[in-house]
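Counting in UniProt numbering, the sequence shown runs from 1 upward without gaps. In this text, a Cβ means the ideal position worked out from N, Cα and C, and glycines have one as well.
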Amino acid sequence: MIVNIEALTHSLGQSYNDLLNTGLITYKTPPTGFSGASNISLDMSLEGIYLSFRREGRVLQDVILSIQRPEISRWDFPNALHFGLEKK
């Protein structure tokens, strides 16, 4: 599945239902979390994307990307990273 990461990052602050209705998320499984936790999450492991939502209103607060190429360990991003991404 192809996921538009830039659109997801621009959707920070929107609800899970809004993301589902616009087609940015096609997973039918809603985000889940431990009882009493203030955050819930949706792990899109096949795509290497982890989404974190505030429980109240299911509002998107974090988008975490994982590069799934363990055989390559020295990634270099020479250009500026766009739309709020940061190197770690």
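**Asked** CA-CA distance, GLY33 and LEU42?
**Response** As a working note, residue 33 is residue 33 in the sequence shown. As a working note, residue 42 is residue 42 in the sequence shown. Between GLY33 and LEU42, the C-alpha separation is close to 9 angstroms.
**Prompt:** Measuring CA to CA, which of HIS10, ASP18, ARG74 and GLY57 is closest to LYS28?
**Reply:** The sequence position of residue 28 within the sequence shown is 28, counting from 1. Put simply, of HIS10, ASP18, ARG74 and GLY57 the residue whose alpha carbon is nearest the alpha carbon of LYS28 is ASP18.
**Asked** By DSSP, does THR32 sit in helix, in strand, or in coil?
**Response** Your numbering for residue 32 matches position 32 in the sequence shown. Strand.
**Prompt:** What residue does the beta strand (DSSP E) around ASN39 start on, and which one ends it?
**Reply:** Here residue 39 refers to the residue found at position 39 when the sequence shown is read from its first residue. It spans 39–44 - the beta strand (DSSP E) in which ASN39 sits, taken as one unbroken run.
**Asked** Apart from the five residues just before and just after SER25, which ones in its own chain have a Cβ nearer than 6 angstroms to its Cβ?
**Response** Looking up residue 25 in the sequence shown gives position 25. Inspection of the sequence shows that residue 25 is occupied by Ile rather than by Ser. If the five residues before and after ILE25 are omitted, its C-beta is found closer than 6 angstroms to the C-beta atoms of LEU19, all from its own chain and listed in chain order.
**Item:** Opposing strand residues paired with SER15 [DSSP bridges]
**Value:** Translated into positions along the sequence shown, residue 15 becomes position 15. The partner list for SER15 (beta bridge, DSSP) reads VAL59.
**Beta-carbon gap between LEU60 and LEU51 smaller than 8 angstroms** = Start at 1 with the first residue of the sequence shown, and residue 60 comes out as number 60. Start at 1 with the first residue of the sequence shown, and residue 51 comes out as number 51. Contact: yes.
**Request:** List the DSSP bridge partners of ARG54.
**Result:** For the purposes of this step, residue 54 is identified with residue 54 of the sequence shown, where counting begins at 1. Bridge pairing for ARG54: ASN39 and VAL59 [DSSP].
**Prompt:** Considering only the beta carbon of each residue, do ARG54 and SER35 sit closer than 8 angstroms?
**Reply:** If you number the sequence shown from 1, residue 54 lands on position 54. If you number the sequence shown from 1, residue 35 lands on position 35. Cβ distance not < 8 angstroms, so ARG54 and SER35 don't count as in contact.
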